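Student: Using this note's numbering, read the sequence shown as starting at 11 and increasing by one per residue.
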Amino acid sequence: MSEKTAGDLPSETNPAGGDPAESAVSGVDRRTFLSLSSLGAAGAATVAAAAPAGAAQLTRHPQRSLRFGRDGKFKIVQFNDTQDDEKVDRRTLELMRAVLDDERPDLVILNGDNITGGCDTPLEMRQAMNNVVQPMEERAVPWAITFGNHDEDSTPDSGLDEADMLAFYRSYRYNVNGPTARGVTGQGNSNLLIDGTNGRPAFNLWLLDSGRYAPEELAGQDFEGYPTWDWLRMDQVKWYYDTSVQVERRAGHVVPALMFIHIPLWEYRFMWFGSVDGRTDADHERGKARHRIEGERNEDECPGPFNSGMFSAIQHRGDVRGVFCGHDHVNTYSGDYYGVLLGYAGNTGFGTYGLSGAERNRLRGARVYDLDESADGVLTGTRMRFAGEFGIDLTANDQWMEPLPLPKGK
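Encoded structure:
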């Protein structure tokens, strides 16, 4: 969501494509759906074609396969809204390193708003991105990113857009992002299959670009009075649905999954209040009991003006066990909304807005997902880890540090 303080495997794909406002107006008819069935020779050959003209072409490390351990377990850590420029708050990296060292995950998801405005040059943007990936690179932990509404805040000054950023991220040794789904709105739309101990797909991860902001106008009408964030487009919903069917056919069974998006779905608010229209404490108590909600809600959910239909597609397909987002920094709740977990990961970055006053940094943290391929649905649990658990300074101030050195060649 917006800044409130001054600090402020087979993979499938999209050639980005143009202005978000144009995408919103032009709609699905101008998009061509195409999904890659695998990242073999044919898939790898599309990487260059998937990038828009002028996008950075950096050295790509070989795609790393993801696999459950010999014990049948797999652990994922989600960091959200690290959201700084090249001078990151030192505690952001301290928190990331502490969580990684304590949890020892098999994979990390940086789920959007990885950087923000304030970078004036391409070098500074690369430094900002490098800061938040180094904790994983230092520990040889595979990682992937999605994009949020702030990732392109520095683009007007630096010239690097999300296609360039994705190419930069993918040049790192331990990055596992695939190419972006072709003909689909946004950048980084892809899925990551995790193989079980038998070498067959046991779990799937959906990574989607939930966009940035609504256009100024649509069909000659403005958005005054409506949320002005972006929303998942129908071509993204169709890509998820069709690719989910393909994954099931290839695997011979429905492959359980998690979905990571930055901006929440409308169903988050419906779940919290147990209602579409009600907003009372009684409504929430009903929702809390029905949907087994845990965690805090300290600000309104900030979805876009339209309901994308993604939840309906997910519920129909029956593969996604949970949808997790960031965006609203001081929300950490999760609940079971008609068989699908909907939840927040909180906010990892100390350089962004938090709670008010002395409590500003109390909810800085990360979300952990525990998978067991022998368990029904594979996902056995999810939990928050907070900075306070690791003795990190929670003082309500800014503690900027100089950029970490860029690896050679970047």
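Where a beta carbon is used, it is the ideal one built from N, C-alpha and C, also for glycine.
Remember, it's a predicted structure, so these values are computed and weren't measured experimentally.
1) Let me know if P266 comes out buried or exposed under the rule of 16 or more other beta-carbons within 10 Å of its beta-carbon.
2) Sort E258, T195 and N185 by Cα distance to P211 and report the nearest one.
3) D130 CB to nearest chain C CB: under 9 Å?
4) Residues in the same chain with beta-carbon distance under 7 Å from A54, minus the five sequence neighbours each way, listed in chain order, please.
5) Considering only their Cβ atoms, is the gap separating F84 from L76 smaller than 9 Å?
6) Just verifying my parser: in three-state terms, what is the DSSP assignment at F422?
7) Under the DSSP definition of a beta bridge, which residues are partnered with G332?
8) By the 10 Å Cβ neighbour count, where 16 or more other Cβ atoms means buried, how is P115 classified, buried or exposed?
9) Work out the CA separation of L404 and L215 for me, nearest whole Å.
10) Using CA atoms only, rank isn't needed, just tell me which of H160, T102, Y379 and P145 is closest to H272.
11) Determine the extent of the alpha helix (DSSP H) in which G297 is found, giving its start and end residues.
12) Does the separation of the CB atoms of G424 and N187 fall below 9 Å?
13) Are the region 106 to 114 and the region 408 to 417 touching by the rule of at least three beta carbon pairs closer than 8 Å?
14) With C-beta atoms as the reference, is C335 less than 9 Å away from P237?
15) Do three or more CB pairs link the region 291 to 307 to the region 238 to 245 at distances below 8 Å?
16) Where does L44 sit, in a helix, a strand or coil, going by DSSP?
17) Compute the beta-carbon to beta-carbon distance between V286 and Q325, rounded to the nearest angstrom, for a pair I have assumed lies under 8 Å.
18) State the Cα-Cα distance for the pair R155 and G364, rounded to the nearest angstrom.
19) For N407, is the classification buried or exposed, using 16 other Cβ atoms within 10 angstroms of its Cβ as the cut-off for buried?
20) Return the residue from the list S322, W282 and N201 that minimises the CA-CA distance to E311.
21) Between which two residues does the beta strand (DSSP E) holding D205 run?
22) Report yes if the C-beta of K420 is less than 8 Å from at least one heavy atom of the ligand PLP; otherwise report no.
23) Which parts of the region 161 to 191 are runs of the alpha helix (DSSP H), unbroken and 4 residues or longer, counting only runs that do not cross its ends?
24) What is the DSSP secondary structure of F283, counted as helix, strand or coil?
25) Evaluate S318 with the Cβ neighbour count: other Cβ atoms within 10 Å of its Cβ, from every protein chain shown; 16 or more gives buried, anything less gives exposed.
26) Just curious, the alpha helix (DSSP H) that F321 is in, first and last residue?
27) Tell me the rounded alpha-carbon separation between G398 and G356.
28) Quick one: what's W276 bridged to in DSSP?
29) Out of curiosity, what's the CA-to-CA distance linking G401 and E306?
30) Whose CA, out of S384, W410, M146 and T390, lies closest to the CA of N208?
Tutor: On the basis of the data shown:
1) buried
2) E258
3) The structure shown contains no chain C; it holds only a single protein chain.
4) Since pLDDT at A54 reaches only 33, below the 50 mark, its modelled position is unreliable, and no value is offered.
5) yes
6) Shown here, the chain extends from 11 to 420; a query on residue 422 therefore has no answer.
7) L268 and L351
8) buried
9) 32 Å
10) H160
11) D291 to H301
12) No answer is possible for residue 424: the residues shown for the chain start at 11 and end at 420.
13) no
14) no
15) no
16) Low confidence applies to L44: its pLDDT is 27, below 50, so where it sits in the model is not reliable enough to give any reading.
17) Contact doesn't hold; Cβ gap of about 16 Å is too wide.
18) Sequence inspection shows Ile at residue 155; the Arg mentioned does not correspond to that position. Approximately 22 Å between the Cα atoms of the pair.
19) exposed
20) W282
21) S200 to D205
22) The ligand content of the structure shown is nil, which means the ligand PLP is not present either.
23) 165 to 168 and 172 to 180
24) helix
25) buried
26) M320 to R327
27) 14 Å
28) Partner(s): none; W276 has no beta bridge.
29) 21 Å
30) S384
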